[in-house]
Amino acid sequence: MAEILPLPVAVAELVRDGDSVAMEGFTHLIPFAAGHEMLRQGRRDLELIRMTPDLLYDQLIGAGAARRLVFSYGGNPGVGSLHRFRDAIEHDWPHPLEFEEHSHAGMAARYAAGAANLPFGILRGYAGTDLERRTAVERIACPFTGESLAAVPALRPDVAIIHAQEADHHGNVQLWGIPGVQKEAVLAATRSLVTVEQIVEELQPRPGGIVLPGWTIDAVAEAPGGSLPSYALGFTERDNDAYREWDAISRDRDRFRAWLAEHLLTTTEATA
Amino acid sequence: MAEILPLPVAVAELVRDGDSVAMEGFTHLIPFAAGHEMLRQGRRDLELIRMTPDLLYDQLIGAGAARRLVFSYGGNPGVGSLHRFRDAIEHDWPHPLEFEEHSHAGMAARYAAGAANLPFGILRGYAGTDLERRTAVERIACPFTGESLAAVPALRPDVAIIHAQEADHHGNVQLWGIPGVQKEAVLAATRSLVTVEQIVEELQPRPGGIVLPGWTIDAVAEAPGGSLPSYALGFTERDNDAYREWDAISRDRDRFRAWLAEHLLTTTEATA
Amino acid sequence: MTAVTGRAGRSRGGHRAATPEELQTVVAARRLGRARSCFIGVGRPSTAAILARMLHNPELVIVYESGTIGARPYRVPLSIGDDALAVSADAVVSVPEMFAYWVQGERIELAFLGAAQIDRYANLNSTVIGDYDAPRTRLPGAGGAPEISAGCHEVAIIVPHGRRTFVEQLDFRTTVGHGDGPGSRKRLGLRGAGPTAVYTELGVLEPDPEHLELTLTQVHPGVDPEQVRAATGWDLLVAEHLRETVPATAEELSALRELVAR
Amino acid sequence: MTAVTGRAGRSRGGHRAATPEELQTVVAARRLGRARSCFIGVGRPSTAAILARMLHNPELVIVYESGTIGARPYRVPLSIGDDALAVSADAVVSVPEMFAYWVQGERIELAFLGAAQIDRYANLNSTVIGDYDAPRTRLPGAGGAPEISAGCHEVAIIVPHGRRTFVEQLDFRTTVGHGDGPGSRKRLGLRGAGPTAVYTELGVLEPDPEHLELTLTQVHPGVDPEQVRAATGWDLLVAEHLRETVPATAEELSALRELVAR
Numbered sequence: 061m062a063e064i065l066p067l068p069v070a071v072a073e074l075v076r077d078g079d080s081v082a083m084e085g086f087t088h089l090i091p092f093a094a095g096h097e098m099l100r101q102g103r104r105d106l107e108l109i110r111m112t113p114d115l116l117y118d119q120l121i122g123a124g125a126a127r128r129l130v131f132s133y134g135g136n137p138g139v140g141s142l143h144r145f146r147d148a149i150e151h152d153w154p155h156p157l158e159f160e161e162h163s164h165a166g167m168a169a170r171y172a173a174g175a176a177n178l179p180f181g182i183l184r185g186y187a188g189t190d191l192e193r194r195t196a197v198e199r200i201a202c203p204f205t206g207e208s209l210a211a212v213p214a215l216r217p218d219v220a221i222i223h224a225q226e227a228d229h230h231g232n233v234q235l236w237g238i239p240g241v242q243k244e245a246v247l248a249a250t251r252s253l254v255t256v257e258q259i260v261e262e263l264q265p266r267p268g269g270i271v272l273p274g275w276t277i278d279a280v281a282e283a284p285g286g287s288l289p290s291y292a293l294g295f296t297e298r299d300n301d302a303y304r305e306w307d308a309i310s311r312d313r314d315r316f317r318a319w320l321a322e323h324l325l326t327t328t329e330a331t332a
Numbered sequence: 061m062a063e064i065l066p067l068p069v070a071v072a073e074l075v076r077d078g079d080s081v082a083m084e085g086f087t088h089l090i091p092f093a094a095g096h097e098m099l100r101q102g103r104r105d106l107e108l109i110r111m112t113p114d115l116l117y118d119q120l121i122g123a124g125a126a127r128r129l130v131f132s133y134g135g136n137p138g139v140g141s142l143h144r145f146r147d148a149i150e151h152d153w154p155h156p157l158e159f160e161e162h163s164h165a166g167m168a169a170r171y172a173a174g175a176a177n178l179p180f181g182i183l184r185g186y187a188g189t190d191l192e193r194r195t196a197v198e199r200i201a202c203p204f205t206g207e208s209l210a211a212v213p214a215l216r217p218d219v220a221i222i223h224a225q226e227a228d229h230h231g232n233v234q235l236w237g238i239p240g241v242q243k244e245a246v247l248a249a250t251r252s253l254v255t256v257e258q259i260v261e262e263l264q265p266r267p268g269g270i271v272l273p274g275w276t277i278d279a280v281a282e283a284p285g286g287s288l289p290s291y292a293l294g295f296t297e298r299d300n301d302a303y304r305e306w307d308a309i310s311r312d313r314d315r316f317r318a319w320l321a322e323h324l325l326t327t328t329e330a331t332a
Numbered sequence: 008m009t010a011v012t013g014r015a016g017r018s019r020g021g022h023r024a025a026t027p028e029e030l031q032t033v034v035a036a037r038r039l040g041r042a043r044s045c046f047i048g049v050g051r052p053s054t055a056a057i058l059a060r061m062l063h064n065p066e067l068v069i070v071y072e073s074g075t076i077g078a079r080p081y082r083v084p085l086s087i088g089d090d091a092l093a094v095s096a097d098a099v100v101s102v103p104e105m106f107a108y109w110v111q112g113e114r115i116e117l118a119f120l121g122a123a124q125i126d127r128y129a130n131l132n133s134t135v136i137g138d139y140d141a142p143r144t145r146l147p148g149a150g151g152a153p154e155i156s157a158g159c160h161e162v163a164i165i166v167p168h169g170r171r172t173f174v175e176q177l178d179f180r181t182t183v184g185h186g187d188g189p190g191s192r193k194r195l196g197l198r199g200a201g202p203t204a205v206y207t208e209l210g211v212l213e214p215d216p217e218h219l220e221l222t223l224t225q226v227h228p229g230v231d232p233e234q235v236r237a238a239t240g241w242d243l244l245v246a247e248h249l250r251e252t253v254p255a256t257a258e259e260l261s262a263l264r265e266l267v268a269r
Numbered sequence: 008m009t010a011v012t013g014r015a016g017r018s019r020g021g022h023r024a025a026t027p028e029e030l031q032t033v034v035a036a037r038r039l040g041r042a043r044s045c046f047i048g049v050g051r052p053s054t055a056a057i058l059a060r061m062l063h064n065p066e067l068v069i070v071y072e073s074g075t076i077g078a079r080p081y082r083v084p085l086s087i088g089d090d091a092l093a094v095s096a097d098a099v100v101s102v103p104e105m106f107a108y109w110v111q112g113e114r115i116e117l118a119f120l121g122a123a124q125i126d127r128y129a130n131l132n133s134t135v136i137g138d139y140d141a142p143r144t145r146l147p148g149a150g151g152a153p154e155i156s157a158g159c160h161e162v163a164i165i166v167p168h169g170r171r172t173f174v175e176q177l178d179f180r181t182t183v184g185h186g187d188g189p190g191s192r193k194r195l196g197l198r199g200a201g202p203t204a205v206y207t208e209l210g211v212l213e214p215d216p217e218h219l220e221l222t223l224t225q226v227h228p229g230v231d232p233e234q235v236r237a238a239t240g241w242d243l244l245v246a247e248h249l250r251e252t253v254p255a256t257a258e259e260l261s262a263l264r265e266l267v268a269r
């Protein structure tokens with residue numbers, strides 16, 4: 061059964077330095093609050109896994125929390141570059157960043173394989189690309205037709221962190237709207253944390269609702285607005301301006317440092 | 061876009077003698093009306109694919125419509141044997157029946173592979189069973205860990221037939237309740253027919269609702285009560301007595317013949 | 008001996024004593040009292056699981072292969088896809104997801120399986136009696152059993168006790184229990200612990216901790232171990248310290264009968 | 008030349024003439040007028056698709072990789088996961104399902120892709136400028152492009168026309184268009200037809216039916232083919248019968264501007 065914990069306690073208990081951490085949410089329901097709590101607690105040496113690193117991982121990378129990044133699309137959606145991500149890869153700032161990149165289809169197959177407890181997933185993919193020489197992918201032959209397919213290794217993160225709209229007191233979680241790859245991330249991980257907009261007496265089944273039973277989750281933490289500046293359908297709206305503003309903040313190391321200092325101060329006070 | 065057709069027309073257009081036909085519905089939403097229409101139209105030489113043949117395939121097998129059966133559990137749920145299925149396999153009545161059997165996990169992986177346009181699916185399965193020697197399964201090694209897994213060939217039926225609660229005038233279909241493997245069956249098949257309880261002006265998204273857009277389907281036919289004696293959540297209740305009574309009817313070839321004659325007569329009149 | 012031959016006697020409490028089949032269900036339900044989640048088919052396992060939720064373990068998560076997770080059935084369903092299961096469940100998933108993410112994902116603690124034949128290593132046949140190509144009796148086939156036995160943490164088996172069921176040699180190995188003995192499951196890549204108990208109307212059999220051969224470890228009240236050996240198609244081992252089943256309590260029996268009557 | 012240099016002139020109707028970028032979007036939207044379904048990312052492809060639904064093809068099924076199938080966006084989304092997409096869609100599926108059942112399932116007719124670099128066989132780079140291990144500019148990476156290009160029936164490309172984009176040699180091949188020419192896609196097991204058109208602010212390039220090298224087949228009004236060749240990093244072929252783009256109609260332009268202003 062999931063424990064209902066304050067967010068700082070949940071992060072302290074579940075995320076350790078050196079862990080591989082998958083924080084998912086495809087544009088929708090990105091777990092910013094939990095990521096910022098990791099920043100505040102000064103987690104280091106993490107392997108950060110995420111299809112679309114987005115602002116959240118740009119911030120963690122810029123703060124030096126990541127040893128390694130596993131991803132498939134490192135852009136600021138609709139805006140442009142992730143400058144901290146670029147600075148780390150192009151100029152080793154604040155320190156060198158190992159990385160492994162895939163296609164979306166490959167990452168999705170890797171999570172699905174992890175959730176299904178398979179060592180690998182198969183897809184029609186990667187063939188003929190330079191990606192094939194640069195990442196963890198093998199060719200595999202269909203034993204029935206002889207066709208050549210791509211095999212990708214399963215993702216089995218130490219911790220998965222997602223944001224959802226609601227949980228009940230037993231830690232059963234429901235999310236709806238664009239579901240992304242969150243269910244797979246949680247089921248593939250050894251430990252899991254779900255932040256939610258609210259805790260309710262009883263989950264009411266919703267159209268498009270995905271329910272994760274409490275016994276598949278380690279901790280649930282209430283974090284209203286916890287996916288801003290992304291959004292939680294029915295609760296918050298995407299703050300497109302924040303995505304645009306991040307471009308200027310993150311372009312410059314000093315402005316980023318100032319943002320980080322101010323942000324950590326603010327969140328520390330808020331959670332104190 | 062799916063054409064909205066009367067059931068006899070839809071079956072006549074989509075199902076041909078010699079086809080491989082997958083009629084799915086896991087206990088819930090079994091497409092009896094469509095199957096009975098196939099009986100009435102005298103389809104022959106079919107490869108019938110279905111995880112749980114149930115009464116529907118017992119009837120088609122008994123009537124001699126099947127050349128081959130692909131399945132994973134051939135029982136009358138909660139009651140006992142499927143006697144027409146047994147009579148065909150044990151005594152070649154009404155004629156010899158080829159068959160290929162899998163486990164549920166294997167069939168599910170085969171449908172999922174078909175829907176995903178992959179030539180095979182992988183699972184941890186079959187190892188050490190006698191099934192492995194009797195069916196289409198190969199061992200495959202994980203290229204990353206060396207682990208040995210089972211590979212099963214994708215299912216790509218000529219036609220998939222399912223029953224759902226509702227469709228709109230564009231042929232968009234929604235079903236809810238136990239979803240079984242119907243989505244995969246439709247997406248794996250070359251052609252597809254969906255019978256529905258009702259055609260509505262507009263689909264209202266439902267908790268647990270699965271929507272198949274009209275452009276993934278060839279024909280939709282209205283068939284209220286079309287999954288009886290199984291059921292359609294929210295519309296009809298499972299007729300458990302009919303399942304129990306089938307045991308007596310199907311046990312005896314003459315009683316079955318009488319049922320068939322009477323049933324075809326009734327349905328012919330009803331649809332005339 | 009009335010209590011185990013199936014003829015109903017009267018207990019002191021005034022109600023009929025447990026039939027052997029009732030006791031079999033009650034004992035299985037007791038096992039489920041300490042499970043977190045169980046994967047079950049219809050019939051007696053389903054009855055035992057609902058009984059366990061009524062009596063011992065209201066938090067027991069019941070999973071049916073039809074895709075319902077955390078179903079709270081009020082009555083014993085005829086089929087694993089009855090509407091009450093879907094409506095009351097915490098989550099309902101597709102069949103491919105059930106087998107990939109939940110069974111193969113090793114999320115379910117205990118599975119209850121039945122079979123037409125069982126051998127000394129708790130391997131199961133639910134496919135055919137006689138020759139595969141010229142069967143005496145064609146059975147329904149594998150269903151979910153092979154992978155359920157592979158992926159759940161433990162397997163419990165409920166079967167009637169007789170020489171037709173407990174056989175020296177299976178006609179077909181549908182589901183691997185302990186294979187050919189120690190090391191078999193590991194060699195085959197099966198991840199769970201495999202069968203840990205067989206519940207019958209006569210008692211309970213468990214694999215020997217060392218050589219894994221099914222051993223009679225518990226008999227129901229009034230059952231002679233020789234009677235169990237006679238109902239078994241191989242030379243059944245009997246545990247040195249044979250336990251006797253605690254008789255069904257009045258509470259267990261009335262709950263079971265109330266459930267079956269619903 | 009005003010109409011293609013980006014400086015706004017006045018057309019006879021009194022509104023500003025189309026900028027080259029507007030015309031690029033308008034031409035792409037025309038292509039979508041005869042598609043049943045299209046797979047698109049954010050930015051100009053999204054604008055073109057919404058415009059196509061407004062003007063030519065109200066039944067066009069727009070699919071975003073975030074999982075929305077049949078979305079009916081009213082305004083141009085900043086991100087492919089904006090809430091309007093989920094709420095208005097016919098169906099919303101998980102990312103694994105999107106790529107497995109829908110993209111790889113070859114259900115989507117036309118995909119629109121962008122890139123930082125494109126070569127003569129319409130292969131695309133969205134990964135890196137410079138050396139992979141010591142990049143001059145690290146780009147976002149593959150996203151869905153490689154498999155979208157493999158699985159959709161056809162691919163259309165929208166890119167700005169210049170020598171930084173149209174290069175002799177990609178720094179990294181993220182996405183296969185026509186590979187090394189005829190036979191490449193088949194050898195690699197790529198199922199769709201691959202790129203069939205490249206839409207730029209200067210005109211339209213299409214693979215030659217025989218040798219598959221991108222060929223200038225259409226120029227926008229006032230554009231000289233030599234201007235296009237000068238903006239291309241390889242010795243660009245020009246079709247014998249070069250077409251000229253039908254100028255953006257007043258209806259197209261006002262619809263586009265209204266859409267962008269929403």
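Residue numbers (my numbering), protein chains in the order written: chain A, 61 to 332; chain B, 61 to 332; chain C, 8 to 269; chain D, 8 to 269.
Even for Gly, the Cβ is constructed at its ideal location relative to N, Cα and C.
If you're wondering where the values come from, they're calculated on a predicted model, not measured in any experiment.
Taking the Cβ atom as the reference point for each residue, do residue i and residue j lie within a distance shorter than 8 Å?
i, j, result
"V241(A)", "Y171(A)", "yes"
"E161(B)", "G77(C)", "no"
"G188(C)", "P202(C)", "no"
"A255(C)", "E29(C)", "yes"
"G196(D)", "A187(A)", "yes"
"A55(D)", "A35(D)", "yes"
Tell me the DSSP bridge mates of residue i?
i, result
"L177(B)", "Strictly speaking, residue 177(B) in this sequence is Asn, with Leu absent from that position. Per DSSP, none; premise fails for N177(B)."
"M83(A)", "I221(A)"
Excluding the 5 residues preceding and the 5 following residue i in the sequence, name in chain order all residues of the same chain whose CB lies nearer than 6 Å to its CB.
i, result
"A281(B)", "L65, L67, A70 and T255"
"E182(C)", "Checking the displayed sequence, the identity of residue 182(C) turns out to be Thr instead of Glu. These residues qualify, in order along the chain: L131, A152, P153 and S156."
"L62(D)", "A262"
Return the chain-ordered list of same chain residues with a C-beta closer than 7 Å to the C-beta of residue i, the five sequence neighbours on each side being excluded.
i, result
"D138(D)", "none"
"H218(C)", "G188 and P189"
"G274(A)", "M61, A62, H230, G231 and N232"
"D178(D)", "Q124, N132, V135, I136 and G137"
"G140(A)", "D307"
Terminal residues of the continuous alpha helix (DSSP H) containing residue i?
i, result
"A68(B)", "The sequence as given places Pro at residue 68(B); Ala does not occur at that position. Element bounds for P68(B): L67 to L74."
Cutting at 8 Å between CB atoms, please list the residues of its own chain near residue i, excluding the five before and the five after it.
i, result
"I277(A)", "A62, G231, V233, V246, S252, L253 and V254"
- Message: If the cut-off is 9 Å on Cβ atoms, which residues from the stretch 44-77 of chain D count as contacting chain B, listed in chain order?
- Response: S44, E66, V68, I76 and G77
- Message: Against chain D, which members of the stretch 239-257 of chain B pass a CB distance test of less than 7 Å?
- Response: L247
- Of all the residues that make up the stretch 146-161 of chain D, which are near chain A by a beta-carbon distance shorter than 9 Å? L146, P147, G148, A149, G150, G151, A152, P153, E154, I155, A157 and G158
- Message: Please identify, using Cβ separations under 7 Å, the residues of the stretch 262-286 of chain A that lie next to chain C, in order along the chain.
- Response: V271, P273, W275 and T276
- Task: Report the residues of the stretch 93-117 of chain C with a CB closer than 7 Å to any CB of chain A, ordered along the chain.
- Result: D97, A98, A107, Y108, Q111, G112, E113 and R114
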